[in-house]
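For reference, each letter of the sequence shown is one residue, going 50 to 270 in this note's numbering.
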Amino acid sequence: MRYRARVEYDGTDLCGFQLQRHGRTVQGELEAALARLSGGRRVRVDGAGRTDAGVHASGQVIAFTYQGRLSREQLWRALDALLPRDIAVGPLIRAEATFQPRYAARQREYRYTIRTGTRSPLQERFALGVRASLDLPAMDAAAGVLIGRHDFSAFGGWHRQPIRTLHRVRIRRTGKMITIDVVGDAFLRQMVRSIVAALLRIGRGEATAEDLAAALRSQER
50 MRYRARVEYD
60 GTDLCGFQLQ
70 RHGRTVQGEL
80 EAALARLSGG
90 RRVRVDGAGR
100 TDAGVHASGQ
110 VIAFTYQGRL
120 SREQLWRALD
130 ALLPRDIAVG
140 PLIRAEATFQ
150 PRYAARQREY
160 RYTIRTGTRS
170 PLQERFALGV
180 RASLDLPAMD
190 AAAGVLIGRH
200 DFSAFGGWHR
210 QPIRTLHRVR
220 IRRTGKMITI
230 DVVGDAFLRQ
240 MVRSIVAALL
250 RIGRGEATAE
260 DLAAALRSQE
270 R
């Protein structure tokens, strides 16, 4: 039986989503738990996105095929109980046998949270601290340069197909907190972090929208 579900995780102490030989990953923890529920057999877990180390998720979509005797409800509760505290899985939903979340996803959304002003130890795991004053209108205007279909080689790790479509970049402030939402069809490795870093330089007055456009055209990181 093929199942899909949403997974939430605190990525602070994880080495990303994708399985690695060394280091804890979301896929690794999920597959280890499912193996315990499948008599030691490996159950491959597919994800909609391969988040990097330190990246959190509130709605990562996964899918896997289970051939054991547990009912859907029993499997969900047993799986969630076996996962570490920084990973939780939502209710399981039956899926088509060919369902692959990576290819079924129409778009992906990442949120970067920034705290301005003094340090906050309680929020350091989930927000980037920035003490400098930021020019949000300048950042918002510059973000428009990135919207559309481009070669994003200058903003991500090497990939044989670096063409991506960015649908929206939304920047909002609520008190001391600033959120930057980036929505696109797919992203290169560390692409969102690089985009946010570039926008922060503009917000601090260290670069301009023209500099951002030139970097995009250069296709060089």
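We put the beta carbon where it would ideally sit given N, CA and C, even for glycine.
Predicted model only: the values in this text are computed from it and were never measured.
Let me make sure I understand the geometry here. Which of ILE220, ARG143, ARG198 and HIS216 has the alpha-carbon closest to that of GLN210?
Taking each of ILE220, ARG143, ARG198 and HIS216 in turn and checking the Cα distance to GLN210, the smallest one comes out for ARG198.
query = For ALA263, does the three-state DSSP call read helix, strand or coil?
reply = DSSP places ALA263 in helix when its eight states are reduced to three.
(message) DSSP three-state label for TYR161, please.
(response) DSSP places TYR161 in strand when its eight states are reduced to three.
Exercise for review: Compute the Euclidean distance between the alpha carbons of ILE244 and ILE229, then round it to the nearest angstrom.
Suggested key: Cα to Cα, ILE244 sits roughly 10 Å from ILE229.
Subject >> Option in ASP234, VAL232, ALA203 and ARG238 with minimal Cα separation from ALA264 >> reply: The option with the nearest alpha carbon to ALA264 is ALA203.
>> Just verifying my parser: in three-state terms, what is the DSSP assignment at ASP135?
In response: Reduced to three states, the DSSP call for ASP135 is coil.
Task: Cross-strand partners of LEU156 (DSSP beta bridge) - done: Note on identity: in this sequence residue 156 is Gln, with Leu being the wrong assignment. Partner(s): none; GLN156 has no beta bridge.
Any 3 or more C-beta pairs closer than 8 Å across the region 139 to 150 and the region 101 to 116: Using a C-beta cut-off of 8 Å, the region 139 to 150 makes contact with the region 101 to 116, since at least three inter-stretch Cβ pairs fall below that distance.
Exercise. Quick one, are the C-beta atoms of ALA191 and ILE136 less than 8 Å apart?
Worked result: Cβ distance not < 8 Å, so ALA191 and ILE136 don't count as in contact.
request  = Report the rounded CA-to-CA distance for VAL56 versus ARG238, giving the unit in angstroms.
outcome  = VAL56 and ARG238 have their C-alpha atoms some 20 Å from each other.
Would LEU124 and ALA82 qualify as a contact pair, given that the criterion is a beta-carbon distance under 8 Å?
Against a cut-off of 8 Å, the Cβ pair of ALA82 and LEU124 comes out as no contact.
Query raised in the report: From ARG51, ARG90, GLY88 and GLY108, pick the residue whose C-alpha is nearest to that of VAL75; which is it?
Result: Here the closest residue by C-alpha is GLY108.
| Contact check, GLN172 vs ARG164, beta carbons under 8 Å | Between GLN172 and ARG164, the gap from beta carbon to beta carbon is short of 8 Å.
**Request:** Please work out which residues of its chain come closer than 7 Å, Cβ to Cβ, to ARG219, disregarding the five sequence neighbours upstream and downstream, and give them in chain order.
**Result:** ASP230.
* Asked: Under the three-state reduction of DSSP, which class applies to ARG151: helix, strand or coil?
  -> Three-state result, ARG151: helix.
Q | Own chain partners of GLY88 with C-beta closer than 6 Å, once the 5 adjacent residues on each side are dropped | A | No residues qualify anywhere along the chain.
What does DSSP give as the partner residues of LEU86 in its beta bridges? Looking at the DSSP output, LEU86 bridges to nothing.
For this session: Give me whichever residues DSSP pairs with TYR52 in a beta bridge.
Result: Bridge partners of TYR52: PHE113 and ARG143.
Item to check | Range covered by the beta strand (DSSP E) that runs through ILE229 | outcome: Counting along the chain, the beta strand (DSSP E) containing ILE229 begins and ends at 226 to 233.
- Message: Which same chain residues end up closer than 7 Å to GLN67 when comparing Cβ atoms and leaving out the 5 residues on each side of it in sequence?
- Response: Non-local C-beta neighbours of GLN67 in its own chain, meaning closer than 7 Å and more than five positions away in sequence, comprise THR74, GLN76 and ARG99, ordered along the chain.
ILE251 - containing alpha helix (DSSP H), residue span: Taken as a continuous stretch (DSSP letters only), the alpha helix (DSSP H) holding ILE251 covers 240 to 252.
Review point. Are ARG242 and ALA181 close, meaning C-beta to C-beta below 8 Å?
Key: Not closer than 8 Å, so no.
For TYR52, does the count of other Cβ atoms within 10 angstroms reach 16, so buried, or fall short, so exposed? When all chains shown are included, TYR52 counts as buried.
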